[in-house]
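Asks: Numbering (my numbering), first residue to last: 3 to 289.
Each residue gets a CB set at the ideal place from its N, CA and C atoms; glycine is no exception.
(1) Where does the unbroken beta strand (DSSP E) through residue 2 begin, and where does it stop?
(2) Consult DSSP for residue 272 and reduce its assignment to one of helix, strand or coil.
(3) Exposed or buried, which one is residue 1 when buried takes at least 16 other CB atoms within 10 Å?
(4) Measuring only the C-alpha atoms, how far is residue 274 from residue 120?
(5) Since residue 64 sits in a beta bridge, which residues does DSSP pair it with?
(6) Assuming residue 128 is part of the alpha helix (DSSP H), what are its boundary residues?
(7) My output table needs one value for residue 178: the three-state DSSP class, helix, strand or coil.
(8) Is DSSP giving residue 164 helix, strand or coil here?
(9) When DSSP labels each residue in this structure, what does residue 88 get in the three-state scheme?
(10) On the criterion of 16 or more Cβ atoms from any shown chain inside 10 Å, does residue 116 qualify as buried, or is it exposed?
(11) On a Cα-Cα basis, can you pick out the residue from 71, 129, 97, 213 that is closest to residue 82?
(12) Among residues of its own chain, excluding the 5 on either side of residue 192, which ones have a beta-carbon nearer than 8 Å to its beta-carbon?
(13) For residue 63, which residues from the same chain have a beta carbon less than 8 Å from its beta carbon, with the 5 sequence-adjacent residues on both sides left out?
(14) One question on the structure: do residue 265 and residue 203 come within less than 8 Å of each other, judged by their Cβ atoms?
(15) Please report the straight-line C-alpha distance between residue 110 and residue 178, rounded to a whole angstrom.
(16) Would you check if there are 3 or more beta carbon pairs closer than 8 Å linking the stretch 74-92 to the stretch 224-236?
(17) Between residue 245 and residue 233, is the Cβ-Cβ spacing less than 8 Å?
(18) Which term fits residue 239, buried or exposed, when burial requires 16 or more other beta carbons within 10 angstroms of its beta carbon?
(19) Given this structure, state the Cα-to-Cα distance separating residue 106 from residue 142, to the nearest angstrom.
(20) To the nearest angstrom, how far is it from the Cα of residue 200 to the Cα of residue 220?
(21) First and last residue of the beta strand (DSSP E) that includes residue 253?
(22) For residue 109, which residues does DSSP report across the bridge?
(23) Rounded to whole angstroms, what's the CA-CA distance from residue 252 to residue 65? Just pull it up for me.
(24) Comparing alpha-carbon positions, which option in 259, 276, 262 lies nearest residue 248?
This is the structure in structure tokens:
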């Protein structure tokens with residue numbers, strides 16, 4: 003041992019022996035602590051990761067109307083975009099970054115049919131019960147579930163499910179539905195309402211080169227950031243004006259019942275807030 007060759011006096015030897023014993027015990031304790039830390043380190047890291055990583059897939063997808071009704075909408079992608087239609091087999095891709103246009107093909111719009119609404123109920127059982135008097139009089143009815151709930155993380159945070167009781171027949175116009183209602187005493191409290199079915203029509207997507215792509219009912223564009231010209235801002239206020247604005251997320255175009263085209267921005271709520279909050283609140287705003 004080192005102590006055996008140390009030429010110190012017995013008193014000094016005793017002090018040094020105690021000191022070296024203390025050092026040796028300290029080293030042993032340090033090794034034990036190091037081993038424990040090494041064993042616990044993966045667990046600590048995983049716990050930290052669980053706390054710091056944001057939840058995935060919990061942000062609801064929202065739809066924000068950009069242009070409610072227009073004869074034609076001009077937009078410009080800043081990168082390659084995908085063109086998605088209702089038909090999964092008809093998906094297109096374009097690398098053009100120049101200005102595109104979209105409008106409704108004249109004469110292609112078919113307005114949705116009109117229904118006769120008999121009542122709205124909280125449960126399906128209640129709707130079936132209220133349907134019995136009509137069925138006994140040989141009047142065919144149908145029950146439609148209307149889900150207006152907003153779900154977040156698998157839980158409903160707003161809205162509710164309702165069950166709508168309709169006459170089974172649908173009518174091409176409000177006048178036809180009203181005549182049918184007046185002809186039957188049981189239907190005096192029925193209310194004519196337009197179908198919630200989407201308007202049918204054909205959209206023309208026009209490339210920068212003037213090529214037309216005819217798409218039924220709706221089209222969704224995905225991939226880049228989109229810039230839309232002549233977006234109406236502050237409608238109804240004295241500062242109302244038109245602006246050129248850019249949007250992230252997906253861009254959706256649909257046909258309206260009066261033959262116009264409407265633009266909708268589809269994106270997760272978190273992405274929407276990334277654009278809205280900076281626009282409403284400056285970085286220097288005191289929180």
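Replies: Concretely, from the data shown:
(1) Only positions 3 to 289 of the chain appear in this structure, which leaves residue 2 out of reach.
(2) helix
(3) A query on residue 1 cannot be resolved here, the shown segment of the chain reaching from 3 to 289 and no further.
(4) In this structure, the straight-line span from the alpha carbon of residue 274 to that of residue 120 is close to 38 Å.
(5) 269
(6) 126-138
(7) helix
(8) strand
(9) coil
(10) buried
(11) Checking every option, the nearest Cα to that of residue 82 belongs to 97.
(12) The beta carbon of residue 192 is closer than 8 Å to those of 118, 119, 120, 169, 183 in its chain, skipping five residues each way along the sequence.
(13) If we look at residue 63 and ignore the five residues flanking it on each side, its Cβ neighbours are 268, 269, 270, 271.
(14) no
(15) 22 Å
(16) Judged by pairs of C-beta atoms under 8 Å, the stretch 74-92 touches the stretch 224-236, as three or more such pairs exist.
(17) yes
(18) exposed
(19) Rounded to the nearest angstrom, the two C-alpha atoms are 36 Å apart.
(20) Here the alpha carbons of residue 220 and residue 200 stand approximately 9 Å from one another.
(21) 252-257
(22) Bridge partners of residue 109: none, in fact.
(23) 10 Å
(24) 276
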